[in-house]
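A.B. asks: Handing you a structure now.
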């Protein structure tokens, strides 16, 4: 039997070797065999069941299965599909923070047909791959690229999104600095809490028949169906949404560590690519809600932001791009309450930002 | 490679166990486990494998020469050679830049014009642990406590054995000498069950408990300026619990893995926060290190056999070096000296005959003193440490904030586990299927969280 170790003297505080080995005086090995087999069977059964559910539901689109319609949690494939049916002169690149930048408003101000190619959790290689897909894959005559960045775009520790590697079109244009062992990552994701929780949420939605919580227009513009409906009916609790963002953002910024030199190199390559193809570039940093910024101070947000600003400003100067640091709401007369949560701006702030970065465009004067 | 990673759990471990138990010849098995352990270590950075192999070779030869010689001078020379080699690699990789930095600071303070450039050195993971393992071997042979290893394979398997390689426990050769000499040929189900229990308990403690405290601790120590008492205590207590659950989790997993190989490791933690005084704490915390320091440093220095002053001196030196072992920074040195001072104070008070009668108050006082010590251990600078201490003393006000409510609830839950429940070594295992199922569910939950898991805190040491 295992026994309680009591260390009572300084000279004899090393535990006896056989402290926790189970003696079998009164318990047969057969019972222990059942115990071990019971553990292994249940563990294997649970892992296999969860992996099977994740494989069949396939909420992140990592596998070949498409048994049920799932809410789109990774925008890469969907945006790449939408891009095939469009032909634009301007493109919006960035993370989910930039998904409410309206292509229609950009067209109003510039005269360019525009597509919003922002994707969730975007890093530089996402932006460059989407840009190349537009130019090389879909042969768009691009004239203007609006590129939203923030410290997460250059995160030293964020892995390349599997949705990028998975998509047959986008995967052709992933920068060589970011090789991804896709099969291993997809296998690990079979037993990830993220995919499992979304799978079960999907099952729950299927059972209830609830609608998807968002959709994209054909020009890539995002509609938060449920949140926007709640806003319209005055039932929106922004404070609760912001509070729910705090932990998520803290977790993400805790792992950034520093800016990735590889991602900085890819960013410079992207600006160079735009120069070669005659695409004007406007780079801008989007704001977080002030209360989230306060939380992120503990995770060196200010330092990371300042490093991002310094790098992007210098890169923009060298490549002739325009740069706008809009991380502070006051720089574009933004509103504290024009957010969906702590990180995502709504259409009001998005419109102010669009106006700010395009106010001197020739198309703007025409309007 | 991390214990808490998919590749370890689903690929490395099954393969290593299969090879270990399928192979027949003890020599082949030892060679296999050594090779597997090198793969485990090299997964992080194979460039440092030659360093560990060199350390193993030097100590094996030194041990052999010490044992085979009756000439005291020769024995001493070989021992000195072994210790010098181990301390040199430890000194170079771990402390070189620390000394350069200290010299530069000293030079600046006297307005000297010279400045030494820091070297671009990567600290090999686990170096503090395997050099201590190795040094204890030659010292014990010199003291005629253990016999030299039967073969280089036995010794290399002892040094590299993957369960203890990266972050301990610091296993001495005498701990597993007999077990390596007579390898078990069959894993009994009772030992497998013990291994499962320890491994799952460790995984659960790390992934489901320790990592939950990281956020509040990080928030405080990364930005301690102006922290109110509520935030400061939430952060410090979070770190106090995080480091215990994290490090004891690693030790539990190491013990469990060793059981899977049919080997038993010594206990490394014994409910340290239940300690009733600081001496008691060091009997319960990182036992393999504290006994190492006691047997190879404190006692050779004279221990507590001399006068009060000599005892205090010996405690101070031991804890100074114990602090430095943890990290090349003055904050670790101060943490060590702080514990040296507490131990010295305790020795003095005990001689005066003063003791607290209430176990509850003794535990509370010890816990608070230990928690204060963690401030120096965790803070990156003395400025940060002093800001945290100011916050804890309420010099920045209380600053209650509802966001810390969740943190205190978590702390309360952890406190119940730490103060009132038995630790993993105290729990009696029963061959009850329900327990097996519960462990399987806990293991599955921990596996699902692996994607969000962080490295063990003690990897940095």
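Residue numbers (this note's numbering), protein chains in the order written: chain A, 3 to 369; chain P, 39 to 499.
Ideal Cβ placement from N, Cα and C applies to all residues, glycine included.
Could you tell me which chain A residues have their CB closer than 8 angstroms to the CB of residue 253(P), listed as they occur along the chain?
C.D. replies: The answer, in chain order, is 249, 252, 253, 256.
A.B. asks: Of all the CB atoms in chain P, is at least one closer than 9 angstroms to the CB of residue 167(A)?
C.D. replies: So, not an interface residue.
A.B. asks: Taking the straight line between their C-alpha atoms, what separation do you get for residue 83(A) and residue 137(P)?
C.D. replies: In a straight line, the C-alpha of residue 83(A) is about 58 angstroms away from that of residue 137(P).
A.B. asks: Please classify residue 2(A) as buried or exposed, where buried requires at least 16 other C-beta atoms within 10 Å of its C-beta.
C.D. replies: Nothing about residue 2(A) can be reported from this structure: the residues present for chain A run from 3 to 369 only.
A.B. asks: Taking the continuous alpha helix (DSSP H) assigned at residue 324(A), which residues delimit it?
C.D. replies: Where residue 324(A) is concerned, there is no enclosing alpha helix (DSSP H), although the beta strand (DSSP E) it sits in stretches over 324–327.
A.B. asks: Extract the residue ranges of the alpha helix (DSSP H) inside the region 213–265 of chain P, only unbroken runs of 4 or more that lie entirely within it.
C.D. replies: Within the region 213–265 of chain P, the complete alpha helix (DSSP H) runs of at least 4 residues are 227–241, 249–260.
A.B. asks: Within 10 angstroms of the Cβ of residue 96(P), are there 16 or more other Cβ atoms? Answer buried if so, exposed if not.
C.D. replies: Buried: at least 16 other Cβ atoms inside 10 Å.
A.B. asks: So for residue 283(A), helix, strand or coil by DSSP?
C.D. replies: Of the three classes helix, strand and coil, the one that applies to residue 283(A) here is strand, per DSSP.
A.B. asks: Give the list of continuous alpha helix (DSSP H) stretches no shorter than 4 residues that lie fully inside the region 76–106 of chain A.
C.D. replies: With a minimum length of 4 residues, the continuous alpha helix (DSSP H) runs that stay inside the region 76–106 of chain A are 77–86.
A.B. asks: Could you work out which residue in 111(A), 60(A), 343(A), 272(A) is closest to residue 137(A) when comparing CA atoms only?
C.D. replies: For the residues 111(A), 60(A), 343(A), 272(A), the minimum Cα distance to residue 137(A) belongs to 272(A).
A.B. asks: Taking DSSP as the reference, what is the three-state secondary structure of residue 218(A)?
C.D. replies: Note: residue 218(A) maps to strand in three-state DSSP.
A.B. asks: Do residue 346(A) and residue 101(A) have their C-beta atoms within less than 9 angstroms of each other?
C.D. replies: It is a contact, given that the beta carbons lie within the stated cut-off.
A.B. asks: Below 8 angstroms, how does it come out for the region 317–326 of chain P and the region 205–214 of chain P: are there three or more Cβ pairs, yes or no?
C.D. replies: Contact holds: three or more Cβ-Cβ distances are below 8 angstroms.
A.B. asks: May I have the straight-line CA-CA distance separating residue 106(P) from residue 214(P), to the nearest angstrom?
C.D. replies: C-alpha separation (whole angstroms): 22 angstroms.
A.B. asks: What residues from chain P crowd round residue 198(A), counting only those whose CB sits closer than 8 angstroms?
C.D. replies: Per Cβ cutoff of 8 angstroms: 486.
A.B. asks: Distance cutoff 9 angstroms, beta carbons only. Does residue 158(A) sit that close to anything in chain P?
C.D. replies: Output row for residue 158(A): interface = no.
A.B. asks: Relative to chain A, which residues along the region 227–242 of chain P have a C-beta separation below 7 angstroms, given in chain order?
C.D. replies: Correct list: 227, 228, 229, 230, 231, 232, 234.
A.B. asks: Where does the unbroken beta strand (DSSP E) through residue 118(A) begin, and where does it stop?
C.D. replies: Per DSSP, residue 118(A) belongs to the beta strand (DSSP E) from 116–118.
A.B. asks: Reducing DSSP to helix, strand and coil, say where residue 147(A) ends up.
C.D. replies: Three-state result, residue 147(A): strand.
A.B. asks: At which residue ranges does the region 106–164 of chain P contain complete alpha helix (DSSP H) runs of 4 or more residues, listed in the order of the chain?
C.D. replies: Taking only runs of at least 4 residues, the alpha helix (DSSP H) segments lying wholly in the region 106–164 of chain P are 110–128, 134–147.
A.B. asks: To the nearest angstrom, report how far apart residue 376(P) and residue 385(P) are at their CA atoms.
C.D. replies: Roughly 14 angstroms between the two C-alpha positions.
A.B. asks: Which residues in chain A have a C-beta closer than 8 angstroms to the C-beta of residue 471(P)? List them in chain order.
C.D. replies: Correct list: 36, 37, 40.
A.B. asks: Just to confirm the assignment, what range does the alpha helix (DSSP H) spanning residue 377(P) have?
C.D. replies: That run of the alpha helix (DSSP H) goes 368–390.
A.B. asks: For residue 227(P), is the classification buried or exposed, using 16 other Cβ atoms within 10 angstroms of its Cβ as the cut-off for buried?
C.D. replies: Buried: at least 16 other Cβ atoms inside 10 Å.
A.B. asks: Residue 135(P) and residue 118(P) look like a contact to me (Cβ under 8 angstroms); what is the Cβ gap, rounded to whole Å?
C.D. replies: Actually they do not touch by this definition, with Cβ atoms about 26 angstroms apart.
A.B. asks: Rounded C-beta distance between residue 284(P) and residue 248(P)? I'm assuming under 8 angstroms.
C.D. replies: Contact holds; Cβ gap of about 4 angstroms.
A.B. asks: My guess is that residue 484(P) and residue 48(A) are in contact by the Cβ rule of under 8 angstroms, so how many angstroms apart are they, rounded?
C.D. replies: Actually they do not touch by this definition, with Cβ atoms about 12 angstroms apart.
A.B. asks: Distance, Cα to Cα, residue 113(A) vs residue 119(A)?
C.D. replies: Each residue's Cα considered, the two are about 18 angstroms apart.
A.B. asks: From residue 50(P) to residue 193(A), what does the alpha carbon distance come to, in whole angstroms?
C.D. replies: Their Cα atoms are separated by approximately 17 angstroms.
A.B. asks: Under 6 angstroms Cβ to Cβ from residue 36(A), same chain only, skipping five residues before and after it: list those, please.
C.D. replies: Excluding sequence neighbours, residue 36(A) sits near nothing in its chain.
A.B. asks: Do three or more CB pairs link the region 171–187 of chain P to the region 87–103 of chain P at distances below 8 angstroms?
C.D. replies: Touching, yes.
A.B. asks: In whole angstroms, what separates the C-alpha of residue 202(P) from that of residue 217(A)?
C.D. replies: Using only the alpha carbons, I get a separation of about 51 angstroms.
A.B. asks: Nearest-angstrom Cα distance between residue 193(P) and residue 71(P)?
C.D. replies: So the alpha carbons of these two residues sit roughly 12 angstroms apart.
A.B. asks: Using beta-carbon positions only, say whether residue 140(P) and residue 93(P) come within less than 9 angstroms of one another.
C.D. replies: Against a cut-off of 9 angstroms, the Cβ pair of residue 93(P) and residue 140(P) comes out as no contact.
A.B. asks: Who does residue 157(A) pair with in a DSSP beta bridge?
C.D. replies: Residue 157(A) is bridged to 261(A).
A.B. asks: Say whether the region 357–370 of chain P touches the region 337–345 of chain P, bearing in mind that this needs 3 or more beta-carbon pairs closer than 8 angstroms, one atom from each stretch.
C.D. replies: The region 357–370 of chain P is not in contact with the region 337–345 of chain P.
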